[in-house]
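Here the numbering used here is used: the first residue of the sequence shown is -3, the next is one more, and so on.
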Amino acid sequence: MNNNPNPSKKSTDTIPIEVMITTVDHEIKGYVHVSKYTNTNRELTDLLNDKEKRFIAVVDAEITKKLGGPPKKYDFLKVHIDYILMVHPASQIIYKESTRAQEDITRFRELRDKLSRTRL
């Protein structure tokens, strides 16, 4: 008897982790599935060092070109390990500075300086 409510999905001993994957041209945000039994600090390392796998499966993926443009979304994506520059859990992202953010910071500083001068 199959207790799996969705028979098209195989029951496995994995858990999803939200990650950011950086390649030369793209940033990919999505979920990879890692073993439940791996040490928490080694999950992604073990996935990348698996000699039998050349690709990482990413689900609910959102790809953004580094040169700009709208993100593209995919239910499933395979990323070749040789093209990955960096992978880290998305929970470790503190702040991503963009050109727009830099412009906002510059405008804020200019406005703050003007206000400081008018008070003197």
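Cβ atoms here follow ideal geometry from the backbone N, Cα and C, with glycine treated the same way.
Can you list, in chain order, the residues of its chain with a C-beta nearer than 6 Å to that of Leu40? Leave out the 5 residues immediately preceding and following it. Val83
For Asp71, the three-state DSSP class (helix, strand or coil): strand
Contact set for Asp42: own chain, Cβ-Cβ below 6 Å, skip 5 residues either direction: Thr34
Expected contact under 8 Å - CB spacing of Ile24 and Val55 to nearest Å: Not quite, the Cβ-Cβ distance comes to about 11 Å (not below 8 Å), so this is no contact.
Threshold first: 3 residues or longer. Then list the beta strand (DSSP E) segments lying entirely within the region 20 to 89, N to C. 22 to 31, 51 to 61, 68 to 76 and 82 to 85
For Gly26, count the other beta carbons within 10 Å of its own beta carbon; 16 or more makes it buried, fewer makes it exposed. Which is it? buried
Can you list, in chain order, the residues of its chain whose CB lies under 7 Å from that of Lys61, leaving out five sequence neighbours each side? Asp21 and His22
Leu121: which of Ile77, Thr19, Ser31 and Phe72 sits nearest, CA to CA? This structure does not reach residue 121, given that the chain is present from -3 up to 116, and the question cannot be answered.
Let me know the secondary structure DSSP gives Thr18 once reduced to three states. strand
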